[in-house]
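Trainee: So the working numbering is basically just the index in the sequence shown, starting at one, shifted up by 31. Just so it is clear, CB atoms sit at the ideal spot from N, CA and C, and this is done for glycine as well.
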Amino acid sequence: MSQAQALFERFISDVHAVWAAEPDMGERMAQTKPLFEKLVRDPAMQAESDSWPSTEGHKNLLFHTDETYGFIVNAVVREPNRKGSVHDHSTAWVLYGLLAGHESLERYDRVDDGSKPDYAEVKLTGVTNGGPGNVDLVPPYAIHAEQGGTGRSVALIFRSQRLVGKVMQHGYDLQNKTIISRWGPTQIPYTFGQAA
Ligand SMILES: [Fe+2]
């Protein structure tokens, strides 16, 4: 077993211990964050991500679907200067951790009252720049966009629940002020040490 695989399995068993002891999802995710930070800051994990293939074309690598708690672990591998769309993750909590490269996370607020169907006005409220080891916790329905940097970037993503095929997520068209309901990225099952 590779070092990265061993670290990952240790992470999953640590998450199980946290989730078994804590029923509240927000608390579970807050307590999972330092475990996830430790994982994405590990040099063996960061080196492992060098060989992962691009996920351009709205794809995610899928490393783990949890049989007990239903959380999933994905990765996204962005090509340089990737423009991210503005979206939310519906009911899921998400930990987004960079393994390689730099990205910026834009946060938006909804400013209309939500009374018109498929209509939304959103406003940029902040941007944080992240590099390897940086982890963001994104709550349910938080509107945001991940923007690529000048080089390749790789993020590991921990989602509190699987949405793809189950729950629609939302994209926000800033120009036309419309909401686009959509399914999430295509899931590509992937294992550590798998050739690109
Ligand atoms: Fe996102």
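For S116, which of helix, strand or coil comes out of DSSP?
Mentor: Taking the sequence shown and counting its residues from 1, one reaches residue 116 at position 85. Residue state, collapsed to three classes: coil.
Trainee: When burial is assigned at 16 or more other CB atoms within 10 Å of the CB, is R59 buried or exposed?
Mentor: Locating residue 59 in the sequence shown gives position 28, where the first residue counts as 1. Answer is buried; the Cβ neighbour count reaches 16.
Trainee: So, is I188 buried or exposed, given that buried needs 16 or more other C-beta atoms within 10 angstroms?
Mentor: Residue mapping note: residue 188 aligns to position 157 of the sequence shown, counting from 1. So I188 counts as buried.
Trainee: What residue does the alpha helix (DSSP H) around G57 start on, and which one ends it?
Mentor: As a working note, residue 57 is residue 26 in the sequence shown. That run of the alpha helix (DSSP H) goes 56-71.
Trainee: In terms of DSSP beta bridges, what is T209 paired with?
Mentor: Within the sequence shown, the letter at position 178 stands for residue 209. Paired residues: Y150, D204.
Trainee: I'd like to know if the region 78-85 and the region 94-102 are in contact, where contact means that at least 3 CB-CB pairs between them fall below 8 Å.
Mentor: Judged by Cβ distances under 8 Å, the region 78-85 makes no contact with the region 94-102, as fewer than three pairs qualify.
Trainee: Run through the region 122-181 for me and flag every whole beta strand (DSSP E) of 3 or more residues, listed as ranges in chain order.
Mentor: Complete beta strand (DSSP E) runs here, min 3: 125-131, 134-141, 153-161, 166-169, 174-179.
Trainee: Can you tell me which of the three DSSP states S85 falls into?
Mentor: For the purposes of this step, residue 85 is taken as the residue at position 54 of the sequence shown. Reduced to three states, the DSSP call for S85 is coil.
Trainee: If I measure Cβ to Cβ from N160 and keep anything under 7 Å in the same chain, skipping five residues before and after, which residues do I get?
Mentor: The sequence position of residue 160 within the sequence shown is 129, counting from 1. Cβ neighbours of N160 beyond the five flanking positions: H133, S135.
Trainee: Between E177 and ligand 1, is there a pair consisting of the residue's CB and a ligand heavy atom that are separated by less than 7 Å?
Mentor: Reading the sequence shown from its first residue, position 146 is the one you call residue 177. Yes, the Cβ of E177 comes within 7 Å of a heavy atom of ligand 1.
Trainee: With a threshold of 7 Å (Cβ to nearest heavy atom), would H95 be considered close to ligand 1?
Mentor: On the sequence shown, position 64 is the one that residue 95 refers to. No; taking the cut-off as 7 Å, the Cβ of H95 has no heavy atom of ligand 1 nearer than that.
Trainee: I want to check one thing, is the minimum distance from the CB of H13 to the heavy atoms of ligand 1 below 7 Å?
Mentor: Because the chain spans 32 through 227 in this model, residue 13 falls outside it and cannot be assessed.
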